[in-house]
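Trainee: Next up is a structure, given as C-alpha cells.
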Amino acid sequence: MIPFAFWKQPSASTSLSLWTWGENGLGQMADGTILDKSAPVQIGALTNWSDICAGANHALSLKTDGTLWNWGTNNNGQLGDGTRTNRSSPVQVGALTDWASIITNNNHSLALKSNNNLYAWGNNQQGQLGDGTRTNRSSPVLIGSLTDWSKISAGGSHSAAIKTDGTMWSWGSNTYGAVGDSTFINRSSPVQVGTDTTWTSITSGGWHTMAVKTDGTLWGMGDNSWGQIGFVSTTPIQANTDSWLEVSQRNIDSEQNTITGIGGGLGVRADGTLWAWGNGYDGQLGNGQNTTVRQYPVQIGALTTWTKATVNTWSSMALKSDGTLWSWGLDRNGSIGDGATTSRSSPVQIGAGSTWVKIAAGTSHNVAIKSDGTLWAWGAGYDGQLGVGGYTACSVPTQVGTDTDWQDVSAGSYFTVAVKTGGTLWSWGKANSGELGLGSASQSITSPVQVGTLTDWKSVSCGVWHTLAIKTNNTLWAWGWNSDGQLGSGNRTHRSSPVQIGSASWKYVSAGAFNSAAIKSDDTLWVMGYGGFFTLGQGSGNSRSSPVQVGSDTWSRASVGYAQMMGVKIDGSMWGWGINTFGELGFLYNFPRQVGTVTNWKQISAGESFTIGIRTDGTLWAWGRNDGGQLGFNPGSDQYAFSPVQVGSGTTWSKVKAGASHVIAQKADGSLWAWGTNPSGQLGTGNTTTTSSPVQIGTDLTWAKISAGGSHSLALKP
Numbered sequence: 012m013i014p015f016a017f018w019k020q021p022s023a024s025t026s027l028s029l030w031t032w033g034e035n036g037l038g039q040m041a042d043g044t045i046l047d048k049s050a051p052v053q054i055g056a057l058t059n060w061s062d063i064c065a066g067a068n069h070a071l072s073l074k075t076d077g078t079l080w081n082w083g084t085n086n087n088g089q090l091g092d093g094t095r096t097n098r099s100s101p102v103q104v105g106a107l108t109d110w111a112s113i114i115t116n117n118n119h120s121l122a123l124k125s126n127n128n129l130y131a132w133g134n135n136q137q138g139q140l141g142d143g144t145r146t147n148r149s150s151p152v153l154i155g156s157l158t159d160w161s162k163i164s165a166g167g168s169h170s171a172a173i174k175t176d177g178t179m180w181s182w183g184s185n186t187y188g189a190v191g192d193s194t195f196i197n198r199s200s201p202v203q204v205g206t207d208t209t210w211t212s213i214t215s216g217g218w219h220t221m222a223v224k225t226d227g228t229l230w231g232m233g234d235n236s237w238g239q240i241g242f243v244s245t246t247p248i249q250a251n252t253d254s255w256l257e258v259s260q261r262n263i264d265s266e267q268n269t270i271t272g273i274g275g276g277l278g279v280r281a282d283g284t285l286w287a288w289g290n291g292y293d294g295q296l297g298n299g300q301n302t303t304v305r306q307y308p309v310q311i312g313a314l315t316t317w318t319k320a321t322v323n324t325w326s327s328m329a330l331k332s333d334g335t336l337w338s339w340g341l342d343r344n345g346s347i348g349d350g351a352t353t354s355r356s357s358p359v360q361i362g363a364g365s366t367w368v369k370i371a372a373g374t375s376h377n378v379a380i381k382s383d384g385t386l387w388a389w390g391a392g393y394d395g396q397l398g399v400g401g402y403t404a405c406s407v408p409t410q411v412g413t414d415t416d417w418q419d420v421s422a423g424s425y426f427t428v429a430v431k432t433g434g435t436l437w438s439w440g441k442a443n444s445g446e447l448g449l450g451s452a453s454q455s456i457t458s459p460v461q462v463g464t465l466t467d468w469k470s471v472s473c474g475v476w477h478t479l480a481i482k483t484n485n486t487l488w489a490w491g492w493n494s495d496g497q498l499g500s501g502n503r504t505h506r507s508s509p510v511q512i513g514s515a516s517w518k519y520v521s522a523g524a525f526n527s528a529a530i531k532s533d534d535t536l537w538v539m540g541y542g543g544f545f546t547l548g549q550g551s552g553n554s555r556s557s558p559v560q561v562g563s564d565t566w567s568r569a570s571v572g573y574a575q576m577m578g579v580k581i582d583g584s585m586w587g588w589g590i591n592t593f594g595e596l597g598f599l600y601n602f603p604r605q606v607g608t609v610t611n612w613k614q615i616s617a618g619e620s621f622t623i624g625i626r627t628d629g630t631l632w633a634w635g636r637n638d639g640g641q642l643g644f645n646p647g648s649d650q651y652a653f654s655p656v657q658v659g660s661g662t663t664w665s666k667v668k669a670g671a672s673h674v675i676a677q678k679a680d681g682s683l684w685a686w687g688t689n690p691s692g693q694l695g696t697g698n699t700t701t702t703s704s705p706v707q708i709g710t711d712l713t714w715a716k717i718s719a720g721g722s723h724s725l726a727l728k729p
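See the structure below:
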C-alpha cells in the first residue's frame with residue numbers, strides 16, 4: 012500500500028488511456044455503440060487523455076495537446092460542437108489547443124482556457140451559461156473578458172466559480188438560493204457571493220453548491236431538502252427581518268404517518284399581511300397554485316386586515332379584522348368548510364358570518380369560537396373529534412352543543428380540548444393515548460366531556476397525541492403520549508390525567524408531534540421532548556424530558572412542527588430551528604452557511620441531492636439523500652442524513668466523485684471503489700446490483716482520474 016501522504020496525482024503530461032462504463036443508450040460511453048457496460052472498457056487505443064468530466068448523459072474530455080473532445084447526448088448543445096447531434100464517439104470541439112479545465116452537469120458545460128478565460132455552452136434557460144442571455148449555445152461562448160477565473164463548477168441549472176483573488180461568483184437558477192447572493196432571483200451573468208477572498212474549491216449539485224475556504228471550513232448554499240448542504244438549524248436562526256404577530260407550523264398526519272401533508276407554515280405580520288411558506292402542492296400556500304414549494308414566505312393577496320392564522324396537516328385558515336373566516340388547501344373530509352369539498356388554492360370565505368374570534372386546526376378537522384361564545388367544528392369526524400354527537404364528517408361549520416360559554420379551544424390529531432369561561436376543561440374525540448385527560452377512557456368520545464371538576468383552567472394546546480394547558484394561577488399541566496418526554500414531566504411515562512410540570516409561572520404553550528414549547532411569564536422560551544434534527548434548538552440532538560431554555564432571549568409566540576420549531580421574539584422577529592425539508596422554517600440557504608466547525612476538509616463533490624467529501628486525515632464523509640445507498644452506508648429507515656456522516660472507518664481515501672445517485676472513489680493505494688444506484692452498471696462492478704457500501708472495481712491500482720455522471724462513469728489510467 013502506498014501511504015496516503017505520499018500518493019500523487021499523475022501530471023498532465025502522463026500518457027493516460029480512457030475507460031468508461033454504465034449507461035450507453037445515448038452514446039455516453041464513447042465506444043461507438045449504445046450498449047450498456049457494467050465493467051470498465053477502454054475507449055480506443057489512445058493514451059493522450061489528460062482530463063475527463065461526466066455529465067447527465069454526456070461527457071467532456073481534454074487531451075494532452077490542449078484539445079477538447081466530447082460525446083453523448085447533445086439536445087441542448089452541451090457537447091459544444093456547433094450541432095445538436097448526439098455523438099457515440101469523441102468529437103473535437105473546434106481546433107484550439109489551449110483548453111485547461113472542464114466541468115459539466117446536466118445539460119450545460121463550462122471550460123477554462125490556459126489564459127484563465129471562461130467559456131460556456133449548452134442549456135441556458137435559467138442563465139446558467141452566464142453570458143447575459145437565456146439563449147442556448149451549441150458552441151463555446153466567452154463569459155466576459157476577464158482572465159482571472161481559477162475554479163469552475165456546474166450544477167443542475169446554475170454555475171459557480173472562484174477567481175484567482177479567492178472570490179466566489181455564481182449565476183443561473185436561483186429558485187432555491189443556489190446562486191448564494193441572498194436573493195431568489197435568477198442571474199444570467201456572474202454575481203459575487205459575499206465579499207470573502209478565501210475560497211479555494213467549489214462543487215455544485217442539482218440545486219446546491221458547496222465550497223471550502225483556505226482555512227479548511229466547509230460552506231453550503233441552496234436546496235437542503237435532503238440535507239445535501241449538510242446544515243441543520245441546531246439553534247435559532249432568524250428567518251427574515253420583518254415584524255411578525257404570530258406563526259403557525261404544519262404538523263404530521265399521526266395515523267397515516269405521511270410527509271406529504273407537512274412542510275410549511277403560515278404567519279401574520281405586524282402590518283396585517285398574511286404569508287405562507289413550505290409545501291404548496293395542494294394549494295396550502297394560498298397563492299393560486301398547486302405545484303409549488305416556497306422555502307421563504309410568500310404573501311397571500313394584498314390585504315392588510317389579517318389577524319390570526321393556523322394550519323392543519325392539509326389546509327390553512329385565517330381570520331380577518333372584520334371577523335370573517337377564510338380557508339384554503341386540500342379539502343379532506345370537508346376540512347375547508349365551505350360545503351363544496353373541493354380543494355382551494357386561494358382563500359375562500361367560510362359562510363357569511365363575521366363574528367369568529369378563535370380558530371384551531373387538527374389533522375383533518377377544524378374548530379372555532381364565535382363572539383357569542385358558541386363552538387363550531389367541521390371536517391373529519393370518524394373519531395368523534397368534531398364533538399357533534401357522531402362520527403360523520405361535516406363540510407360546513409356545525410355547532411357543538413348549545414353552550415355559549417366557550418373561551419378557548421385547540422385541536423389535536425383526532426381529538427379536541429376546550430376551556431369554558433367558568434374555567435372548566437372539556438375534551439372529546441380519540442382517546443387511545445390519554446390525550447383527552449379522562450383517565451382510563453380508551454374509546455372515542457363524540458361529545459364534550461368534562462375533565463375533572465376543577466374550574467381554574469385558562470388556555471390549552473393540543474399536539475398530535477398529547478395536550479398542554481395553563482391554569483389561572485399560570486401553572487403548566489400536561490397529559491397524553493410521552494414517548495420522548497414531550498410532556499416535560501421529567502420522565503417518559505404516558506399520562507391519562509393532567510400532571511403539573513414544575514412550579515414556574517407560564518403564559519403560552521404549543522404542543523407538537525413529539526415535542527413541546529412553552530413561554531414563561533418572564534417571556535423566556537422553554538422546550539421539551541424529541542431532540543432529533545436539533546428540534547429543541549439546544550445545539551445538540553438530545554431529547555429532554557424536562558423543560559430546557561432556548562437561549563436567553565424573550566419571546567412572544569412559539570409554534571411546534573413535526574421536527575422543527577419557530578418562534579416570534581418580543582421585537583417581532585421570526586426565528587426557526589430544526590429540519591427544513593420543505594422550507595418549514597420560512598427561509599432558505601440563499602447565502603453560504605458554514606457546515607459544522609471542522610477545519611480539515613480537503614475535497615468535496617456534490618451529487619444531485621447529496622454531497623460527499625474527504626478530510627485531510629483521509630476519512631470519507633457523506634450527507635444528503637440516501638434512498639439509493641449513495642451515501643455509502645445502509646439507509647435503513649432514514650433515507651437521508653442532514654449532517655456529515657463518516658463512510659466506514661477508513662483513513663486512506665484520496666479522491667471522490669459524486670454522480671446523480673452513485674459515487675466513484677479512490678483510496679491511497681490506487682484502488683477504485685463505487686457504491687449507490689446501479690441500474691445501468693455505472694458502478695463498474697460487473698453487475699447491476701445497487702449497493703450502499705463501497706465495492707472495489709476490479710483489482711487495478713493505477714487509476715489516475717475519475718468522474719461520475721448521471722448513470723455512467725469515466726476514468727483515466729496509464
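In my numbering, the protein residues as written are 12 to 729.
For each residue, glycine too, the CB sits at the ideal point set by N, CA and C.
(1) Alpha carbon to alpha carbon, how far is residue 679 from residue 724?
(2) Tell me whether residue 56 is buried or exposed, calling it buried when 16 or more other Cβ atoms sit within 10 Å of its Cβ.
(3) Is the segment 216-228 touching the segment 540-550, taking contact as three or more C-beta pairs under 8 Å?
(4) Determine the closest residue to residue 41 out of 81, 61, 60, with distance taken between C-alpha atoms.
(5) If I measure Cβ to Cβ from residue 309 and keep anything under 8 Å in the same chain, skipping five residues before and after, which residues do I get?
(6) By the 10 Å Cβ neighbour count, where 16 or more other Cβ atoms means buried, how is residue 383 classified, buried or exposed?
(7) Taking all protein chains shown into account, decide if residue 729 is buried (16 or more other Cβ within 10 angstroms of its Cβ) or exposed.
(8) Using the Cα positions of residue 440 and residue 276, report the straight-line distance between them to the nearest angstrom.
(9) Enumerate in chain order the residues of its own chain whose CB-to-CB distance from residue 721 is below 6 Å, with the five nearest sequence positions on each side excluded.
(10) Rounded to the nearest angstrom, what separates residue 390 and residue 401 at their Cα positions?
(11) My output table needs one value for residue 621: the three-state DSSP class, helix, strand or coil.
(12) Have a look at residue 578 and residue 530 and give me their C-alpha separation to the nearest angstrom.
(13) What span of residues does the beta strand (DSSP E) with residue 687 cover, start to end?
(14) Do the CB positions of residue 612 and residue 239 come within less than 8 Å of each other?
(15) Grab me the residues of residue 333's own chain with a C-beta within less than 6 Å of its C-beta, minus the 5 sequence neighbours each way, in chain order.
(16) DSSP three-state label for residue 543, please.
(17) How long is the line joining the alpha carbons of residue 219 and residue 462, rounded to whole angstroms?
(18) Residue 417 and residue 404: beta carbons closer than 8 Å?
(19) Express the C-alpha separation of residue 474 and residue 524 in angstroms, rounding to a whole number.
(20) Nearest to residue 516 by alpha carbon, out of 534, 502, 166, 505?
(21) Is it a yes or a no for the segment 627-646 touching the segment 315-323, going by three-plus beta-carbon pairs under 8 Å?
(22) Using 8 Å for Cβ pairs, my map puts residue 65 next to residue 695. What's the rounded Cβ distance?
(23) I need the straight-line Cα distance from residue 86 to residue 36, nearest angstrom please.
(24) Under 8 Å, with one C-beta from each stretch per pair, do the segment 552-566 and the segment 492-510 reach the 3-pair mark?
(25) Could you tell me the distance, in whole angstroms, from the CA atom of residue 330 to the CA atom of residue 149?
(26) Measuring only the C-alpha atoms, how far is residue 192 from residue 356?
(27) Kindly indicate which three-state DSSP category residue 164 falls into: helix, strand or coil?
(28) Judging by CA-CA distance, which residue of 420, 291, 258 is the nearest neighbour of residue 283?
(29) Taking residue 206 as the reference, which of 376, 603, 690, 697 has the closest Cα?
(30) From residue 104 to residue 89, what does the alpha carbon distance come to, in whole angstroms?
(31) Rounded to whole angstroms, what is the Cα-Cα separation between residue 460 and residue 437?
(32) Exposed or buried, what is residue 599 when buried is set at 16 or more other beta-carbons lying within 10 Å of its beta-carbon?
(33) Sort 532, 550, 443, 548 by Cα distance to residue 506 and report the nearest one.
(34) Give a yes or no on whether the C-beta atoms belonging to residue 112 and residue 163 are separated by under 8 Å.
(35) Rank 615, 243, 708, 716 by C-alpha distance to the C-alpha of residue 211 and give the top, closest one.
(36) The beta strand (DSSP E) with residue 419 in it runs from where to where?
Mentor: Inspection of the coordinates gives the following:
(1) Stepping through the sequence shown from its first residue, residue 679 is reached at position 668. Stepping through the sequence shown from its first residue, residue 724 is reached at position 713. Straight-line Cα distance between these residues: approximately 20 Å.
(2) The residue you call residue 56 lines up with position 45 of the sequence shown. By the 10 Å Cβ count, residue 56 comes out exposed.
(3) Short answer: they don't touch.
(4) Walking along the sequence shown from the start, residue 41 turns up at place 30. Restricting attention to 81, 61, 60, the CA atom closest to the CA of residue 41 is found in 81.
(5) Looking up residue 309 in the sequence shown gives position 298. Excluding sequence neighbours, residue 309 sits near 286, 287, 288, 296, 298.
(6) Locating residue 383 in the sequence shown gives position 372, counting from the first residue. Exposed.
(7) For the purposes of this step, residue 729 is taken as the residue at position 718 of the sequence shown. Result: exposed.
(8) Stepping through the sequence shown from its first residue, residue 440 is reached at position 429. Stepping through the sequence shown from its first residue, residue 276 is reached at position 265. For residue 440 and residue 276, the distance between alpha carbons rounds to 25 Å.
(9) By 1-based counting over the sequence shown, the position of residue 721 is 710. Here the set comprises 67, 68, 671.
(10) Here residue 390 is taken as the residue at index 379 of the sequence shown, counted from 1. Here residue 401 is taken as the residue at index 390 of the sequence shown, counted from 1. Residue 390 and residue 401 have their C-alpha atoms spaced approximately 13 Å apart.
(11) Reading the sequence shown from its first residue, position 610 is the one you call residue 621. Reduced to three states, the DSSP call for residue 621 is strand.
(12) Against the sequence shown, residue 578 aligns to sequence position 567. Against the sequence shown, residue 530 aligns to sequence position 519. Going from the Cα of residue 578 to the Cα of residue 530 covers about 10 Å.
(13) On the sequence shown, residue 687 is found 676 positions in, with the first residue counted as 1. Note, residue 687: beta strand (DSSP E), 683-687.
(14) Counting from 1 along the sequence shown, the entry for residue 612 is found at position 601. Counting from 1 along the sequence shown, the entry for residue 239 is found at position 228. The answer is no: Cβ separation not under 8 Å.
(15) Numbered from 1 along the sequence shown, position 322 holds the residue referred to as residue 333. The residues are 365.
(16) Counting from 1 along the sequence shown, the entry for residue 543 is found at position 532. In the structure shown, residue 543 adopts helical secondary structure according to DSSP, grouped into three states.
(17) Position 208 of the sequence shown, counted from the start, is the residue given in the question as residue 219. Position 451 of the sequence shown, counted from the start, is the residue given in the question as residue 462. So the alpha carbons of these two residues sit roughly 51 Å apart.
(18) Counting from one through the sequence shown, the residue named residue 417 turns up at place 406. Counting from one through the sequence shown, the residue named residue 404 turns up at place 393. Contact: no.
(19) As a first step, residue 524 must be located in the sequence shown, where it is residue number 513. As a first step, residue 474 must be located in the sequence shown, where it is residue number 463. Approximately 6 Å between the Cα atoms of the pair.
(20) On the sequence shown, position 505 is the one that residue 516 refers to. Checked all of 534, 502, 166, 505; the closest Cα to residue 516 is 534.
(21) Flag = no, the segment 627-646 and the segment 315-323 do not touch.
(22) On the sequence shown, position 54 is the one that residue 65 refers to. On the sequence shown, position 684 is the one that residue 695 refers to. About 12 Å; that fails the 8 Å criterion.
(23) Numbered from its first residue, the sequence shown carries residue 86 at position 75. Numbered from its first residue, the sequence shown carries residue 36 at position 25. The alpha-carbon of residue 86 is positioned some 14 Å away from that of residue 36.
(24) Yes, the segment 552-566 is in contact with the segment 492-510.
(25) Numbered from its first residue, the sequence shown carries residue 330 at position 319. Numbered from its first residue, the sequence shown carries residue 149 at position 138. Residue 330 and residue 149: Cα-Cα distance of roughly 54 Å.
(26) As a working note, residue 192 is residue 181 in the sequence shown. As a working note, residue 356 is residue 345 in the sequence shown. For residue 192 and residue 356, the gap between their C-alpha atoms comes out near 30 Å.
(27) In the sequence shown, residue 164 corresponds to position 153, counting from 1. Looking at residue 164 - three-state DSSP - the assignment turns out to be strand.
(28) Here residue 283 refers to the residue found at position 272 when the sequence shown is read from its first residue. Nearest C-alpha to residue 283: 258.
(29) As a working mapping, residue 206 is identified with position 195 in the sequence shown. For residue 206, the nearest C-alpha among the options comes from 603.
(30) As a first step, residue 104 is located in the sequence shown; it is residue number 93 there, counting from the start. As a first step, residue 89 is located in the sequence shown; it is residue number 78 there, counting from the start. Residue 104 and residue 89 have their C-alpha atoms some 11 Å from each other.
(31) Counting from 1 along the sequence shown, the entry for residue 460 is found at position 449. Counting from 1 along the sequence shown, the entry for residue 437 is found at position 426. Rounded to the nearest angstrom, the two C-alpha atoms are 5 Å apart.
(32) Here residue 599 is taken as the residue at index 588 of the sequence shown, counted from 1. Residue 599 counts as buried, since at least 16 other C-beta atoms from the protein chains shown sit within 10 angstroms of its C-beta.
(33) By 1-based counting over the sequence shown, the position of residue 506 is 495. That would be 443, whose Cα lies nearest to the Cα of residue 506.
(34) By 1-based counting over the sequence shown, the position of residue 112 is 101. By 1-based counting over the sequence shown, the position of residue 163 is 152. Yes; because the gap between Cβ atoms is below 8 Å, this pair is in contact.
(35) As a position in the sequence shown, residue 211 is number 200, starting the count at 1. Nearest neighbour of residue 211 by Cα position, chosen from 615, 243, 708, 716, turns out to be 615.
(36) Indexing the sequence shown from 1 puts residue 419 at position 408. Residue range 417-422 is occupied by the beta strand (DSSP E) that includes residue 419.
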